[in-house]
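**Student:**
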Amino acid sequence: MRRVLGIILMWPVLCFGQYADTIKGRITVNYNNPYKMKVSVLAGGAFETQSMDGGVMLPVAFADIHIRPSKWFTLHGAYTHQFQIGWQYQTVQNTSNIEAGGRIMLKQHFIDKTKTFTAGNKMWNYDFLFPVKVLWNVGLSGSYRFGTGVFNTGTDPNTAIRFKNTETLNEEFLERAAVPYSFSEVSGGFVVSTSTNMKLQAHLPTTGMKKMRRMKTYTEFRVEGIYATSMNMAPTIDRKVDKWAETYSHYDVQVGKINNWGFKMQGVFRRKWIGFKVEAGVKPGVYYRFAGNEKNLLMDRSYLQLGLGFGWM
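If you read the sequence shown in the working numbering, its first letter stands for residue 766, the second for the next number, and so on.
(1) Whole angstroms are fine: how far does the CA of Y983 sit from the CA of T994?
(2) So the candidates are R791, M802, S949; which of them puts its Cα closest to the Cα of I832?
(3) Applying the 10 Å Cβ sphere with the 16-neighbour rule, what's the burial state of T1079?
(4) In chain order, what residues of the same chain lie with their CB nearer than 8 Å to the CB of G810, ignoring the 5 residues before and after it?
(5) Excluding five sequence neighbours on each side, which residues of the same chain lie with their C-beta closer than 6 Å to the C-beta of V957?
(6) Is R978 helix, strand or coil when you go by DSSP?
(7) Roughly how many whole angstroms lie between the Cα atoms of F875 and K898?
(8) Determine the burial state of Y890: buried for a count of at least 16 other Cβ atoms within 10 Å of its Cβ, exposed for fewer.
(9) In this structure, does DSSP put Y796 in helix, strand or coil?
(10) Where does the unbroken beta strand (DSSP E) through Q1031 begin, and where does it stop?
(11) Since I believe G1027 is in contact with P1049 (beta carbons under 8 Å), could you give me their beta-carbon distance rounded to a whole number of angstroms?
(12) Does the pairing of the segment 910-930 with the segment 1008-1020 give three or more beta-carbon distances under 8 Å?
(13) Using a Cβ-Cβ cut-off of 6 Å (strictly less than) and excluding sequence neighbours within five positions of V806, which residues of its own chain qualify?
(14) Taking the alpha carbon of I1023 as the reference point, which residue from T924, T860, H841, T961 has its own alpha carbon closest?
(15) Looking only at DSSP bridge pairs, what is V1018 linked to?
(16) In three-state DSSP terms, what is K880?
(17) What number of angstroms, rounded off, separates the C-alpha of N917 from the C-alpha of V1006?
(18) By the three-class DSSP mapping on this structure, what secondary structure does R1066 have?
(19) Any heavy atom of the ligand COA closer than 7 Å to the beta-carbon of E864?
(20) Name the one or two DSSP bridge partners that F838 has.
(21) Taking the alpha carbon of E1011 as the point to measure from, which residue in M822, V1047, M817, Q855 has its own alpha carbon closest?
(22) Is G907 closer than 8 Å to G842 when the C-beta atoms are compared?
(23) So the beta strand (DSSP E) R941 belongs to, where does it begin and stop?
(24) Let me make sure I understand the geometry here. Which of G1040, Y800, K975 has the alpha-carbon closest to that of R791?
(25) Should L965 and P799 be called a contact, given that it needs their Cβ atoms to be closer than 8 Å?
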């Protein structure tokens, strides 16, 4: 009973001692300015899949850069290399594209947030509260992209592409046939981005030790409409009849109507040296369905890409 009573009587002293020790700590903010972040570079890998029946999942390597010469304008460049390894009866060359564009910010404002920084030594941990300025940007985005790609016929025979065997002269549909193409396109839409950039030092109480903390984040989300200024399908392809065939058959590619319009939604989420990228949309290209009782659906040309990268900012 005496022991319990002693602990109860000493509790205010213990609490006061710990509190008094903690308040001796302090932080020094070296800078807290999102505009200080001028360049963001991210490179990594991703996987892209089509939503159509018979779609394949393809590995992608990408590099992405943002440069901000002023607080109202951002330059953007990207390179994508897609590895064509998902085709059973064809040998398809890898494809790639280059994108260049920019963002014009129409509105900006700061939001002050309070973050917690935990630092300490072998004996104690201390929580330091510090303010972080978060810059929000809302504006317009646009870009020009060109390169090569591959159209997948899928497994549904209601497609706008037909193949003519150059030996038998028979016209037929080939499941999961890869048709390479070259393209160029322009896009434009809206963009929302946020960024932080701050550095501080925490001075631990009693020991005088210093712990440094940096906080760099960058996020961007954009929605853009796409218009293909050119779309040139390969005139011929070489494909085996099945996996046991020793030779390739030659086919003339007969392309129906091409839809020049599409859209995409892209998000980039950065924190220091790691970043996550997600992209989804509808690519310009061949009208997939062509039968009289079939309707062309947006999902026939849709895709999803998820990626992880590392970089500097």
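All C-beta atoms in this analysis are idealised placements derived from N, C-alpha and C, irrespective of residue type, glycine included.
**Tutor:** From the atom records:
(1) Each residue's alpha carbon lies about 32 Å from the other.
(2) In terms of CA proximity to I832, M802 leads the group R791, M802, S949.
(3) Missing from the structure shown is residue 1079; the chain here goes from 766 to 1078 and no further.
(4) Excluding residues up to 5 positions away in sequence, P824, V825, A826, F827, G1072, L1073, G1074 lie with their Cβ nearer than 8 Å to the Cβ of G810 in the same chain.
(5) Listed in chain order, the non-local C-beta contacts of V957 below 6 Å within the same chain comprise V903, F986, local neighbours out to five positions each way being set aside.
(6) The answer is strand: DSSP assigns R978 an E or B state.
(7) Approximately 6 Å, taken between the alpha carbons.
(8) Just to set this straight, residue 890 is Asn in the shown sequence, not Tyr. Classification of N890: exposed, given that the 10 Å Cβ count is below 16.
(9) Reduced to three states, the DSSP call for Y796 is strand.
(10) It spans 1026-1036 - the beta strand (DSSP E) in which Q1031 sits, taken as one unbroken run.
(11) Going by Cβ atoms, the distance from P1049 to G1027 rounds to 4 Å, so yes, they are a contact pair.
(12) Flag = yes, the segment 910-930 and the segment 1008-1020 touch.
(13) If we look at V806 and ignore the five residues flanking it on each side, its Cβ neighbours are I830, G1076, W1077.
(14) Of T924, T860, H841, T961, the residue nearest in Cα terms is T924.
(15) F928, per the DSSP bridge assignment.
(16) DSSP places K880 in strand when its eight states are reduced to three.
(17) Linking N917 to V1006 through their CA atoms gives a straight-line distance of about 17 Å.
(18) Here R1066 carries a helix assignment [DSSP, helix/strand/coil].
(19) With respect to small molecules bound, the structure shown includes none, and the ligand COA cannot be examined in it.
(20) Beta-bridge pairing links F838 to S835, I869.
(21) If we check each option's Cα against that of E1011, Q855 comes out closest.
(22) No, the pair does not count as a contact, with Cβ atoms beyond the cut-off.
(23) Element bounds for R941: n/a, residue is neither H nor E.
(24) The residue with the shortest Cα to Cα distance from R791 is K975.
(25) With contacts defined by Cβ atoms closer than 8 Å, L965 and P799 do not form a contacting pair.
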